[in-house]
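K.L.:
Take any residue in the sequence shown, count from 1 to its spot, add 708: that is its number in the working numbering. Cβ coordinates follow ideal geometry from the N, Cα and C atoms, glycine included.
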Amino acid sequence: MDEEAYVLYHRAGTGAPCLSFDVVPDPPGQELGQFPLSLRLCAGTQAESAQANRLLVMKMHNLHRTGAGDAESSDSDGEEDEEEKKPQLELAMVPHYGGINRVRVTQLGGTQVAAVWSEKAQVEIYDLQRPLAAISDPQAMATFLREEQAKIKPLFSFAGHMTEGFAMDWSPMVPGRLVTGDSNKNIHLWSPKADGTWQVDQRPFTAHTASVEDLQWSPTEATVFASCSADGSIRVWDVRAAPGRACMLTASQAHASDVNVISWNRHEPFLLSGGDDGALRVWDLRLFQTGTSVATFKQHTAPVTSVEWHPADGGVFAAAGADDQVTQWDLAVERDQEGEGESEDDPALASIPPQLLFVHQGETDVKELHWHPQCPGVLITTALSGFTVFRTISV
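#1: Assuming residue 838 is part of the alpha helix (DSSP H), what are its boundary residues?
#2: Does the stretch 1002 to 1010 come within contact of the stretch 953 to 962, defined as at least 3 CB pairs closer than 8 angstroms?
#3: Pairing CB atoms from the stretch 1029 to 1043 with CB atoms from the stretch 1069 to 1079, are three or more of them under 8 angstroms?
#4: By Cβ distance, which residues of its chain are closer than 7 angstroms to residue 938, with the 5 residues on each side in sequence left out?
#5: Report back the beta-carbon spacing between residue 873 and residue 809 to the nearest angstrom; my notes put them in contact at under 8 angstroms.
#6: Residue range of the beta strand (DSSP E) that residue 916 falls in?
#7: According to DSSP, which residues form a beta bridge with residue 888?
#8: Note down, in chain order, each residue of its chain lying with its Cβ closer than 7 angstroms to the Cβ of residue 1067, except the 5 sequence neighbours on either side.
#9: Take every Cβ of the stretch 1075 to 1083, pair it with every Cβ of the stretch 717 to 732, and state whether three or more of those distances are shorter than 8 angstroms.
#10: Which same chain residues end up closer than 6 angstroms to residue 971 when comparing Cβ atoms and leaving out the 5 residues on each side of it in sequence?
#11: List the endpoints of the continuous beta strand (DSSP E) containing residue 990.
#12: Can you name, in chain order, every residue of its own chain whose Cβ lies under 8 angstroms from the Cβ of residue 771, other than the five neighbours on each side?
#13: I want to know whether the stretch 902 to 919 touches the stretch 844 to 852 - three or more CB-CB distances under 8 angstroms.
#14: Would you identify the three-state DSSP class for residue 730, choosing helix, strand or coil?
#15: Do residue 896 and residue 908 have their CB atoms nearer than 8 angstroms?
#16: With a threshold of 8 angstroms on Cβ separation, who are the neighbours of residue 955 within its own chain once the five nearest residues in sequence on each side are excluded?
#17: Using the C-alpha atoms, what's the distance from residue 749 back to residue 1143?
#18: What do you get for residue 699, buried or exposed, if any count of 16 or more other CB atoms within 10 angstroms of its CB means buried?
#19: Is residue 862 closer than 8 angstroms to residue 834 when the C-beta atoms are compared?
#20: What is the residue span of the beta strand (DSSP E) that residue 882 lies within?
#21: By Cβ distance, which residues of its chain are closer than 8 angstroms to residue 1013, with the 5 residues on each side in sequence left out?
#22: According to the neighbour-count rule (16 or more other Cβ atoms, all chains shown, within 10 Å of its Cβ), is residue 989 buried or exposed?
#23: Using the Cβ count rule (16 or more neighbours within 10 Å means buried), how would you classify residue 1104?
#24: Enumerate, from N- to C-terminal direction, the unbroken beta strand (DSSP E) stretches of 3 or more residues contained entirely within the stretch 1016 to 1049.
#25: Compute the distance between the beta-carbons of residue 829 and residue 804, then report whether it is under 8 angstroms.
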């Protein structure tokens, strides 16, 4: 690894690999984004046996800058300094029967909750209050391990999907509203009830003809969400209509094959998609009915497994692929006119799009990535090789 290319770089292992995770935002008022960094995550394992799985709530802290303090350390205090700079991981584990396909976190009132898509064809909602307390205080952790760990059960569980799934998203505009999609092409809408449970509409949204791979709520319209599918399409829905008539827009051949992941831009009317064809496509929702993306990038040489727009910069996004690459992009970058001659002389340079800012490697089988919404430029990934937290010099 070239340390000069990273502002921050840390890795962590959790035993069994995690297919999915989400960031648990820190409470307001804390010193966020300051080094050494601290961050909280919720993840789900894919263990070899069903009973060995866990829902993980973790705190990674004391995350120093790459190379921080190296120049100042003398031989006499070097060992002590290195010990102080060691990253720390606190981990609270909730037993979960069955591998966890997807985890998504939201806040309801003052409580963080996690939606968990299980390989056992169930979607469960967990209250994260006790494990979050445990990772913040050693005494609370002792109580959690002694008395609470085995007792934590889901707040709510839905077994109406006839098969497992991976697609799931909480609404950013309506607290507690959720959509879940399964491998049998069905999408269900969850609406929160006053008693702390959910009403799940038994009438599925059914326009897709193959597995629903990902779901994203609109950040600006409370009733609108998008879906992508193994049938190669992306669809936009409005829940005010009956499920059978709710599909409002369709790009029927969005990718050459499966569309694996989508991300809805919070600042511009753009949707980002990644497919089995390795392509990344940017869709202008104002032109969506044309069925043509406004930008296509083919840097990845294997299926794209995760995409996400930067939470603060509407032109920046990151993507991960089965080619073990994590890429960072900026749509605002254009090719330098003075550098065009240099690109023509070197075919390898000419094939690199100017919008590609950075290629991160070194992970094995990257499954999901997320920007940290409170730590500028910080990306977190989960892979077969574990978790990685990093910030590049490019973003």
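P.N.:
On the basis of the data shown:
#1: 837 to 844
#2: no
#3: yes
#4: 918, 919, 921 and 966
#5: 7 angstroms between Cβ atoms; contact.
#6: Taken as a continuous stretch (DSSP letters only), residue 916 belongs to no beta strand (DSSP E), as it is neither H nor E.
#7: DSSP lists 876 and 896 as partners of residue 888.
#8: 1033 and 1035
#9: Counting Cβ pairs under 8 angstroms, three or more are found: they touch.
#10: 980, 1015, 1016 and 1017
#11: 988 to 992
#12: Within the same chain, residue 771 has close Cβ partners 716, 718, 743, 744, 745, 746, 747, 795 and 1097.
#13: no
#14: strand
#15: yes
#16: 913, 915, 943, 944 and 945
#17: Residue 1143 lies beyond the stretch modelled for the chain, which goes from 709 to 1103, so this question has no answer here.
#18: As displayed, the chain neither begins before 709 nor continues past 1103, which places residue 699 out of reach and without an answer.
#19: yes
#20: Premise fails: residue 882 is in no beta strand (DSSP E) and is neither H nor E.
#21: 968, 969, 982, 1028, 1029, 1030, 1074, 1075 and 1076
#22: Residue 989 counts as buried, since at least 16 other C-beta atoms from the protein chains shown sit within 10 angstroms of its C-beta.
#23: The displayed coordinates of the chain run from 709 to 1103. Any statement about residue 1104 would go beyond what the structure contains.
#24: 1024 to 1029 and 1034 to 1038
#25: no
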